[in-house]
Amino acid sequence: MSTAAPPEPAARPRARHGGRLSNGAFALLLTAPGLALFAAIIVYPLVSALFTGFFKQDLRLPGREFVGLENFTYWLDGDFLTILKQTLVFTVGATIVPFVIGFALALALNTGLKGSGFLRGLFLFPWVIPGVVVSFLWMWIFNANYGVLNGILMDTGIIDESVTWLGQPGTAMLAVIITKTWASFPWMMVMLLAGLQTVPKELHEAASMDGAGAVRRFVAVTWPQVRGVASIVLLLEFIWNFQHFDTIYVLTGGGPAGATETFATAVYQSAFKGFDLGRATALGGLWMLLLLVLVAVYLRITERKGDAR
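Numbering that gives the first Met the number 0 applies: residue 0 is where the sequence shown begins, and numbers increase by one.
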C-alpha cells in the first residue's frame with residue numbers, strides 16, 4: 000500500500016521592511032525623551048561645571064579667563080588635606096555613632112520587647128523632621144546662654160560654667176556629629192531591624208541548645224546573617240555624610256575658624272561668599288572624584304551580595 004507524499008508547505012512571503020523601524024531604532028526612539036532630559040539636567044550641567052574649573056570666573060564680573068590647572072593646584076597646595084581630614088572626621092563620626100545606637104536599638108526591639116511597635120514609631124520621629132529644623136533645634140540646645148544642655152550639665156554639677164559648644168574648635172565638630180547622629184540613627188535602626196527579622200529563629204534555638212550565650216549567639220548566628228545589610232547601611236550613610244551640608248552650615252557655617260569646614264561648606268563658601276566660581280568648581284571636581292570611589296565600592300559590595308544569593 001503506497002502512501003501519498005505530504006504536500007510541501009507553501010512558501011512564506013518575505014517580510015517587507017520598507018518604511019518600518021528596526022527593533023534597535025524603535026527602542027532608541029522610545030528612550031530618546033528620557034535620554035534628552037537626562038542630558039539636559041545631568042550631563043550638560045556636570046560637563047559645564049567641570050569645564051568651569053579651568054577658568055578664573057568671578058560671579059560679580061562678566062566673562063572669564065582660562066587659567067588651566069591653577070584652580071586645582073590652589074586647593075591641592077592649600078587647604079585640601081585639611082578639608083579632607085575634617086570631612087572624614089565628620090563622616091566617620093556621623094556614621095559609626097548612629098550605627099552603634101541604631102544596631103543596639105534594633106537588637107532590643109527584635110527581642111519582642113513590650114510596646115516595641117510604639118517605640119519603633121517614636122524612634123522614627125527625628126528622621127522625619129527636615130534637616131534644617133533639626134539643626135535649629137540643636138542650635139538652641141547647644142546655645143551657650145540659654146541652651147538646655149548647659150542648663151542640665153550645670154544643674155548636675157558636671158560643669159561650673161556655660162560651654163560655648165558651637166563657638167569653640169574643640170567642641171564644634173562634636174556638636175555637629177551629635178546633631179547628625181540624632182537625625183540619622185532611626186533609619187539605620189529600621190534597616191538593621193529588618194535584617195534581624197530575617198534571621199531564622201531555629202538558628203538561635205539550636206545555638207541555645209548547644210549552650211551558647213547571648214554574646215556567642217550574636218557572633219556566630221546574628222552577625223553573619225545581617226553583615227550584608229550592615230555593610231550596605233554603613234556605606235550608604237558614609238556616602239551621604241561625605242556630601243552632607245545643611246546640618247554643618249546651619250550650626251556652624253564651617254566655623255569656628257574653619258574647624259568644621261567640609262567639602263560641602265567649602266564649595267558653598269568659595270562660590271557664594273568668595274564669588275570665585277572657578278575655584279569652587281575645581282574643589283567640587285576633586286570632591287566628585289572621591290565620591291566616585293565611594294560609589295564604586297558601594298556597587299562592588301552590592302554586586303557581591305547579589306552574586307552570593
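No residue lacks a Cβ here, since even glycine has one placed at the ideal position from N, Cα and C. This structure is a prediction, so every number in the text was calculated from the model and none was measured.
Residues of its chain near residue i, where Cβ-Cβ distance is below 8 Å and the 5 sequence neighbours each way are ignored
{"i": "methionine 172", "result": "Gln85, Val88, Phe89, Gly92, Ala258 and Thr259"}
{"i": "glutamine 242", "result": "Phe262, Ala263, Trp286 and Leu290"}
{"i": "valine 66", "result": "Phe53, Phe54, Lys55 and Gly277"}
{"i": "phenylalanine 102", "result": "Met187, Met188, Leu191 and Ala229"}
Top-ranked residue by Cα proximity to residue i, from the options
{"i": "leucine 106", "options": "Ile231, Phe217 and Ala281", "result": "Phe217"}
{"i": "aspartate 78", "options": "His243, Leu282, Tyr297 and Leu288", "result": "Leu282"}
{"i": "glutamine 56", "options": "Phe274, Gly130, Met188 and Ser115", "result": "Phe274"}
{"i": "phenylalanine 184", "options": "Pro97, Ala219 and Asn70", "result": "Pro97"}
{"i": "phenylalanine 71", "options": "Pro61, Phe50 and Ala211", "result": "Phe50"}
{"i": "tryptophan 181", "options": "Tyr43, Ile100, Phe117 and Gly146", "result": "Ile100"}
Pair within 8 Å by beta-carbon distance, residue i and residue j
{"i": "phenylalanine 53", "j": "glutamate 64", "result": "no"}
{"i": "valine 198", "j": "valine 225", "result": "yes"}
{"i": "isoleucine 238", "j": "valine 294", "result": "yes"}
{"i": "isoleucine 82", "j": "threonine 280", "result": "no"}
{"i": "valine 162", "j": "threonine 170", "result": "yes"}
{"i": "serine 134", "j": "aspartate 245", "result": "yes"}
{"i": "valine 189", "j": "leucine 234", "result": "no"}
{"i": "alanine 256", "j": "proline 168", "result": "yes"}
{"i": "alanine 137", "j": "leucine 250", "result": "The identity of residue 137 in the sequence shown is tryptophan, whereas the question assumes alanine. Cβ atoms of tryptophan 137 and leucine 250: closer than 8 Å."}
With 16 other Cβ atoms within 10 Å as the buried cut-off, status of residue i
{"i": "arginine 303", "result": "exposed"}
{"i": "serine 21", "result": "exposed"}
{"i": "lysine 179", "result": "buried"}
{"i": "proline 129", "result": "exposed"}
{"i": "leucine 288", "result": "exposed"}
{"i": "tyrosine 248", "result": "buried"}
{"i": "valine 292", "result": "exposed"}
Spatial neighbours of residue i in its chain, beta-carbon cut-off 7 Å, leaving aside the 5 residues before and after
{"i": "asparagine 109", "result": "Leu192, Leu195 and Gln196"}
{"i": "phenylalanine 141", "result": "Leu148, Trp164, Leu165 and Ala174"}
{"i": "serine 269", "result": "Asp275, Arg278, Ala279 and Leu282"}
{"i": "arginine 119", "result": "Leu108"}
Bridge-paired residues (DSSP) for residue i
{"i": "proline 160", "result": "The displayed chain sequence assigns glutamate, not proline, to residue 160. Looking at the DSSP assignment, glutamate 160 forms no beta bridge with any residue, so it has no partner."}
{"i": "lysine 179", "result": "Note: lysine 179 sits in no beta bridge, so no partner."}
{"i": "phenylalanine 65", "result": "Phe54"}
Residues near residue i in its chain [Cβ-Cβ closer than 6 Å; skip 5 each side]
{"i": "leucine 290", "result": "none"}
{"i": "isoleucine 158", "result": "Leu152"}
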